[in-house]
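A.B. asks: Protein sequence lines correspond, in order, to chains S and R.
Residues 1272 to 1494 in this note's numbering are what the first sequence lists, from first letter to last.
Residues 1272 to 1494 in this note's numbering are what the second sequence lists, from first letter to last.
The C-beta atom is built at its ideal place from N, Cα and C for all residues, glycine as well.
For clarity, every value in this text was computed on a predicted model and none was experimentally measured.
Would you mind keeping the following structure in view while I ask a few things?
There are 2 protein chains.
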Amino acid sequence: MRKHELARMIDHTALGPAVSAARVEELCREAIRHGFAAVCIPPAHVGLAARLLQSEGPAVCTVVGFPHGHHTPEVKAFEARAAGGEGAREIDMVINVAALKDGDYASVLADIRAVRDALEKVAERPVLKVILECALLEDREKTAGAILAQAAGADFVKTSTGFASGGATVDDVALLRRVVAPHVGVKAAGGIGDYDTALRMIEAGASRLGASRSAAILEGAPD
Amino acid sequence: MRKHELARMIDHTALGPAVSAARVEELCREAIRHGFAAVCIPPAHVGLAARLLQSEGPAVCTVVGFPHGHHTPEVKAFEARAAGGEGAREIDMVINVAALKDGDYASVLADIRAVRDALEKVAERPVLKVILECALLEDREKTAGAILAQAAGADFVKTSTGFASGGATVDDVALLRRVVAPHVGVKAAGGIGDYDTALRMIEAGASRLGASRSAAILEGAPD
């Protein structure tokens, strides 16, 4: 896969408690230069990134209920709508992992739906990616989570936050790809740091990659 | 320090993406049995814990903007007020760590004040603890964070979320104790797992401890 094709599949990402304004600015410049799909940044930096990327290709992506997913549906909905209002065109939300593991599917569904409904109120509805946090789940829980995400109107299911014990695996990507319908994308994130790993994820069915080491990934790709 | 005195200083804690309803129920029972100050649980479980602890001694404590602190002030304020409305009597919020490290003190202050103002609107104003995440900070940043927290009306400053690279240290507790006024408490949290460690934190100036291994801590104390 050629560099520019691969770049279009990458959400160039800097998340965590200590992401500075300068780092976000740098991330945006890199995203424009390489033609990444989006920058994925902390919610408090959405306004800044939206100003920097205003008329540029890369979208502003931010996270909701991140990284533990333990916030109430009302808080996630509020956060999502506010982020959309500030210019986020993509929203990566974390599901209520505890509810999924408790088998409380109605709560998992309602939680995702609350965010999806909130995004309907944004002028151009942002893309919704639903993070399952696969490292904490059994396969049957991953399957249930993906089905519920699709049912609630997710545009993508996403493997991981990058802050659990493990990130994306080829097996998880393949599982999610089998479970959701073709119109639902699969985003692999967490620990993807080179071209070979990226390619394996794509071959397994990933349509989007989340990565902080995006430049290193591109380096391995042919021009 | 005797068991029942020590118990009154402990926030019995279960946080993270996969804390089940059953675990929260168990935590509440343990808190009642041992006489802990509070249970500290994920926001989505506040309603459950409030029902279980209704007429009991331990308070319901939950977290806001947790654990990355990267949410906007508006989202933290919304989350805090909603948690108070559901029965949380104590709120442990995470500051905007990135803004503090950027030296943007006005934003750090406004962020904490937004939460404090939101809590004023709750019938009985919940206690506000402000988490600095010391593992990510230089000493001068810890000092600035503690001063800003006190200025914004915090009841406690707290060392750590328990989800960064490090938790409470004796040095950090002593630093925070030196910086804030006597009416502001210091909560040590993260990695406190036995009586000796707990005692060292208290001797350094901690007035509250956050712990998941609370039973093990009490075990070492005299009856």
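Determine which residues of the region 1383-1396 of chain S have a Cβ less than 7 Å from any Cβ of chain R, and write them out in chain order.
C.D. replies: none
A.B. asks: In chain order, what residues of the region 1343-1377 of chain R put their CB closer than 7 Å to some CB of chain S?
C.D. replies: Thr1343, Glu1345, Val1346, Phe1349, Glu1350, Ala1353, Asn1367, Val1368, Ala1369, Lys1372, Asp1373
A.B. asks: Can you tell which of R/Val1379, R/Gln1421, R/Lys1372 has its C-alpha closest to the C-alpha of valine 1290 of chain S?
C.D. replies: Check the Cα spacing between valine 1290 of chain S and each of R/Val1379, R/Gln1421, R/Lys1372: the tightest is with R/Lys1372.
A.B. asks: Quick one: is histidine 1341 of chain R buried, meaning 16 or more other Cβ sit within 10 Å of its Cβ, or exposed?
C.D. replies: buried
A.B. asks: Using three-state DSSP, classify arginine 1384 of chain R as helix, strand or coil.
C.D. replies: If DSSP states are grouped into helix, strand and coil, arginine 1384 of chain R belongs with the helices.
A.B. asks: Which two residues bound the contiguous alpha helix (DSSP H) that contains glutamate 1357 of chain S?
C.D. replies: 1344-1357
A.B. asks: When the Cα atoms are used, what is the spatial distance from isoleucine 1418 of chain R to isoleucine 1366 of chain R?
C.D. replies: 12 Å
A.B. asks: Taking its Cβ as the centre, do 16 or more other Cβ atoms sit within 10 Å of proline 1453 of chain S, making it buried, or is it exposed?
C.D. replies: exposed
A.B. asks: Is methionine 1280 of chain S helix, strand or coil by DSSP?
C.D. replies: coil
A.B. asks: Start and end of the alpha helix (DSSP H) containing cysteine 1299 of chain R?
C.D. replies: Element bounds for cysteine 1299 of chain R: 1292-1305.
A.B. asks: What are the uninterrupted segments assigned as alpha helix (DSSP H) that are 4 or more residues long and contained completely in the region 1376-1424 of chain R, given in chain order?
C.D. replies: 1376-1391, 1410-1422
A.B. asks: Nearest CA to the CA of lysine 1413 of chain R: which residue from R/Ile1303, R/Glu1357, R/Thr1430, R/Ala1292?
C.D. replies: If we check each option's Cα against that of lysine 1413 of chain R, R/Thr1430 comes out closest.
A.B. asks: What first and last residue would you give for the beta strand (DSSP E) that runs through methionine 1364 of chain S?
C.D. replies: 1361-1365
A.B. asks: Residues bridged to leucine 1480 of chain S by DSSP?
C.D. replies: As computed with DSSP, leucine 1480 of chain S is found in a beta bridge with S/Ile1281, S/Ala1459.
A.B. asks: Looking only at its chain, what residues have a beta carbon closer than 7 Å to the beta carbon of methionine 1472 of chain R, apart from the 5 residues adjacent to it on each side?
C.D. replies: Ala1439, Val1441, Val1444, Ala1459, Ile1463, Leu1480
A.B. asks: For the alpha helix (DSSP H) that valine 1335 of chain R lies in, which residues bound it at each end?
C.D. replies: First-last for valine 1335 of chain R: 1330-1335, but that is the beta strand (DSSP E), not the alpha helix (DSSP H).
A.B. asks: Does the beta carbon of leucine 1275 of chain S sit closer than 7 Å to a beta carbon anywhere in chain R?
C.D. replies: It is worth fixing the name first, because residue 1275 of chain S is histidine in this sequence and not leucine. No, histidine 1275 of chain S does not count as interfacial toward chain R.
A.B. asks: Helix, strand or coil for alanine 1251 of chain R per DSSP?
C.D. replies: In the structure as shown, chain R starts at 1272 and stops at 1494, and residue 1251 of chain R therefore has no counterpart that could be examined.
A.B. asks: Is DSSP giving alanine 1309 of chain R helix, strand or coil here?
C.D. replies: Taken through DSSP and simplified to helix, strand or coil, alanine 1309 of chain R comes out as strand.
A.B. asks: I'd like to know if the region 1292-1301 of chain R and the region 1327-1343 of chain S are in contact, where contact means that at least 3 CB-CB pairs between them fall below 8 Å.
C.D. replies: no
A.B. asks: Tell me the rounded alpha-carbon separation between valine 1310 of chain S and arginine 1360 of chain R.
C.D. replies: 38 Å
A.B. asks: Along chain S, which residues have their Cβ under 7 Å away from the Cβ of serine 1436 of chain R?
C.D. replies: Per Cβ cutoff of 7 Å: no residues; serine 1436 of chain R is ~11 Å from chain S at best.
A.B. asks: Assuming leucine 1403 of chain R contacts aspartate 1426 of chain R (C-beta within less than 8 Å), just tell me the rounded distance between them.
C.D. replies: No, leucine 1403 of chain R and aspartate 1426 of chain R are not in contact; Cβ-Cβ is about 14 Å, not under 8 Å.
A.B. asks: Hey, how far is the Cα of alanine 1285 of chain S from the Cα of serine 1326 of chain R?
C.D. replies: 44 Å
A.B. asks: Identify the contact partners of leucine 1323 of chain R in chain S, using a Cβ-Cβ distance below 9 Å as the criterion.
C.D. replies: Near leucine 1323 of chain R there are no residues of chain S at all, since even the closest Cβ is about 16 Å away, more than 9 Å.
A.B. asks: Can you give me the C-alpha to C-alpha distance between proline 1313 of chain S and glutamate 1474 of chain S, rounded to a whole angstrom?
C.D. replies: 29 Å
A.B. asks: Does the distance between the C-beta of methionine 1364 of chain S and the nearest non-hydrogen atom of the ligand MG fall short of 6 Å?
C.D. replies: The ligand MG is absent from the structure shown, which contains no ligands of any kind.
A.B. asks: So, glycine 1336 of chain S versus methionine 1364 of chain S, is the Cβ gap smaller than 7 Å?
C.D. replies: yes
A.B. asks: Take serine 1390 of chain S as the anchor and find which of S/Val1455, S/Ile1488, S/Ile1362 has the nearest alpha-carbon.
C.D. replies: Contrary to the premise, residue 1390 of chain S reads as leucine rather than serine in this sequence. Out of S/Val1455, S/Ile1488, S/Ile1362, S/Ile1362 has the C-alpha closest to the C-alpha of leucine 1390 of chain S.
A.B. asks: Compare the Cα-Cα distances from valine 1393 of chain R to each of R/Pro1493, R/Ile1383, R/Glu1409, R/Arg1352 and report the closest residue.
C.D. replies: It is R/Arg1352.
A.B. asks: By Cβ distance, which residues of its chain are closer than 7 Å to serine 1378 of chain S, with the 5 residues on each side in sequence left out?
C.D. replies: Asn1367, Ala1370
A.B. asks: Roughly how many angstroms lie between the CA atoms of alanine 1420 of chain S and glutamate 1490 of chain R, to the nearest whole one?
C.D. replies: 44 Å
A.B. asks: Counting along the chain, where does the beta strand (DSSP E) carrying valine 1428 of chain R start and finish?
C.D. replies: 1427-1429
A.B. asks: If we count the other Cβ atoms within 10 Å of its Cβ and call it buried at 16 or more, is aspartate 1410 of chain S buried or exposed?
C.D. replies: exposed
A.B. asks: Would you grab the beta carbon distance between arginine 1384 of chain R and alanine 1415 of chain R for me? Rounded to a whole angstrom, and I think it's under 8 Å.
C.D. replies: Going by Cβ atoms, the distance from arginine 1384 of chain R to alanine 1415 of chain R rounds to 15 Å, so no, they are not a contact pair.
A.B. asks: Do the CB positions of alanine 1487 of chain S and aspartate 1465 of chain S come within less than 7 Å of each other?
C.D. replies: Yes, Cβ-Cβ distance for alanine 1487 of chain S and aspartate 1465 of chain S is below 7 Å.
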